[in-house]
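Residue numbers are given in the UniProt record's numbering: position 250 of the sequence shown equals residue 250, and the series is strictly consecutive. Where a beta carbon is used, it is the ideal one built from N, C-alpha and C, also for glycine. Note that the coordinates shown come from a computational prediction; the quantities given were computed from them, not determined experimentally. Input: a single structure, listed below in structure tokens.
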Amino acid sequence: SNHQLVSPMNTRHHATRRPAVAKAPPKAKAKTSSSKDQENRAPTPLSDAFREQIEQKYNIEGCSVGDIFARIENNAANATIADQKRELEAQKKHSEDLQRQIDKLLARAPAPVVPIEDQAGEDGVEESREPTPRPTGTAGTHFSIIAEMRLDSNRQDHAQLSTIQRNLRELFGNSRINWELLWAQVPAAAKAQLFAIARKHHPYLAEFQNDWATEEIVKQYVKNKRNNAYKKGYIDVPPKCAYLKENAAKRDPSKPRGKKASKPSKSRAIRADAAKDAQRRKARQHADRSRGESSKAKGKRAVRNISTDDEDDQMADVDVSGARSPAGEDESWEHPYCPVPASASAIQ
Numbered sequence: 001s002n003h004q005l006v007s008p009m010n011t012r013h014h015a016t017r018r019p020a021v022a023k024a025p026p027k028a029k030a031k032t033s034s035s036k037d038q039e040n041r042a043p044t045p046l047s048d049a050f051r052e053q054i055e056q057k058y059n060i061e062g063c064s065v066g067d068i069f070a071r072i073e074n075n076a077a078n079a080t081i082a083d084q085k086r087e088l089e090a091q092k093k094h095s096e097d098l099q100r101q102i103d104k105l106l107a108r109a110p111a112p113v114v115p116i117e118d119q120a121g122e123d124g125v126e127e128s129r130e131p132t133p134r135p136t137g138t139a140g141t142h143f144s145i146i147a148e149m150r151l152d153s154n155r156q157d158h159a160q161l162s163t164i165q166r167n168l169r170e171l172f173g174n175s176r177i178n179w180e181l182l183w184a185q186v187p188a189a190a191k192a193q194l195f196a197i198a199r200k201h202h203p204y205l206a207e208f209q210n211d212w213a214t215e216e217i218v219k220q221y222v223k224n225k226r227n228n229a230y231k232k233g234y235i236d237v238p239p240k241c242a243y244l245k246e247n248a249a250k251r252d253p254s255k256p257r258g259k260k261a262s263k264p265s266k267s268r269a270i271r272a273d274a275a276k277d278a279q280r281r282k283a284r285q286h287a288d289r290s291r292g293e294s295s296k297a298k299g300k301r302a303v304r305n306i307s308t309d310d311e312d313d314q315m316a317d318v319d320v321s322g323a324r325s326p327a328g329e330d331e332s333w334e335h336p337y338c339p340v341p342a343s344a345s346a347i348q
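Printed below as a string of structure tokens:
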């Protein structure tokens, strides 16, 4: 035979070799078009029938597919926008109709009833809501700012005035207005802005016409600050104000520099004090009247008690003398209010 015999001793070292098998040749890969080829591929032209339908439907000629679909989307968006505009106009018209109905109802509604306590002030006199006009003259000479602002009645009013003055000084410093200028030289826009902020911080200042109270307080503060700078030499005195130094040198320091502004005779504080005095007088008269009635009642009760005590004493004297009691008993009977003393038997 052609097979070679192998001893069992050599099987460990000699392995049988398998016959070599010829490998099959590699298969050819299927040809696939790349993405670049797809991108570079020419677009397929529209058929003449489809193009004619599109042109007739959308009234366009000689447009590409992208332009056609873009125009379709634009037309749809324009239609949506038109619908939204119509809805907004309808809502606006509806809101205007509602506002007209509300105005008609408010015009027909009666005026609200305001309680008397809200209409009257401290002295019971109704206060007007109109802004307070500026008094004629110069502040400090012809009128008092505190009196005209109605902040001279009590400590609470003075505290409110101090708060207003302090806040106005801070607001003026934050406004960056040049305090070296005269008040007439300050721009009107800067003044208006300062007055608006002051009204926002203190609504009470809005009760004065054209913000004259705020202007007078700020003007006085700026004037004092500028005069202090003149005295210390921080700034130069304007030439037109040089005559003031000569007048100050001629002035007698022992005499007053000018008359102070007198308070109005019929101010609110005087009326309030008069009302309080009237209330005190009424309360005093009522207390005196009630005290007199109580003293008369006490006198009547005292007279009644004295007469009762006299009757009791007379009854006690009769019983002690050994008279018979109303019940027919002997002299050992004791009056409930006047007991018989121990020496009564000895007297008998």
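Item to check | Coil, strand or helix - residue 132 by DSSP | outcome: strand
Item to check | Separation of residue 210 from residue 137, as counted between CA atoms | outcome: 16 Å
Checklist entry - What does DSSP give as the partner residues of residue 143 in its beta bridges? => result 139
Next on the checklist: Measuring only the C-alpha atoms, how far is residue 135 from residue 107?
Outcome noted: 38 Å
Item to check | Alpha carbon of residue 74 to alpha carbon of residue 89, nearest angstrom | outcome: 22 Å
Checklist entry - What's the call for residue 145, buried or exposed, on a 16-neighbour Cβ count within 10 Å? => result buried
Checklist entry - Any contact of the region 223 to 230 with the region 191 to 199, i.e. 3+ C-beta pairs under 8 Å? => result no
Checklist entry - Taking the C-alpha atoms as reference points, what is the distance between residue 156 and residue 180? => result 34 Å
Checklist entry - By the 10 Å Cβ neighbour count, where 16 or more other Cβ atoms means buried, how is residue 208 classified, buried or exposed? => result buried
Next on the checklist: Going by beta-carbon coordinates alone, are residue 142 and residue 167 separated by less than 9 Å?
Outcome noted: no
Checklist entry - Can residue 147 and residue 216 be called in contact, C-beta distance under 9 Å? => result no
Checklist entry - Nearest-angstrom Cα distance between residue 371 and residue 176? => result Residue 371 lies beyond the residue range present for the chain, which begins at 1 and ends at 348; the question has no answer from this structure.
Item to check | Beta-carbon proximity of residue 151 to residue 160, cut-off 9 Å | outcome: yes
Next on the checklist: Buried or exposed for residue 163, going by 16 or more other Cβ atoms inside 10 Å?
Outcome noted: exposed
Item to check | residue 92 versus residue 105: straight-line alpha-carbon distance, rounded | outcome: 20 Å
Item to check | The alpha helix (DSSP H) enclosing residue 182, as first and last residue numbers | outcome: Per DSSP, residue 182 belongs to no alpha helix (DSSP H) and is neither H nor E.
Checklist entry - CB-CB under 6 Å to residue 240, same chain, minus the five flanking residues each way: which ones, in chain order? => result none
Next on the checklist: Is the beta carbon of residue 190 closer than 9 Å to that of residue 214?
Outcome noted: no
Checklist entry - So what's residue 159 in DSSP terms, helix, strand or just coil? => result helix
Next on the checklist: With a threshold of 6 Å on Cβ separation, who are the neighbours of residue 206 within its own chain once the five nearest residues in sequence on each side are excluded?
Outcome noted: 199
Next on the checklist: Quick check: what's the CA-CA separation for residue 218 versus residue 272?
Outcome noted: 30 Å
Next on the checklist: By alpha-carbon positions, which one of 153, 85 and 101 ends up nearest to residue 274?
Outcome noted: 153
Next on the checklist: Can you list, in chain order, the residues of its chain with a C-beta nearer than 7 Å to that of residue 84? Leave out the 5 residues immediately preceding and following it.
Outcome noted: none
Checklist entry - Excluding the five sequence neighbours on either side, which residues of its own chain have a C-beta within less than 8 Å of the C-beta of residue 165, listed in chain order? => result 217 and 221
Item to check | Top-ranked residue by Cα proximity to residue 183, from 67, 223 and 243 | outcome: 223
Next on the checklist: For residue 247 and residue 178, I'd like the C-alpha separation in whole angstroms.
Outcome noted: 27 Å
Next on the checklist: Can you tell me where the alpha helix (DSSP H) holding residue 201 begins and where it ends?
Outcome noted: 188 to 201
Next on the checklist: If you reduce the DSSP assignment to three classes, tell me which class residue 322 lands in.
Outcome noted: Only weak support is given to the placement of residue 322: the predicted model assigns it a pLDDT of 45, under 50, and the question is left unresolved by the model.
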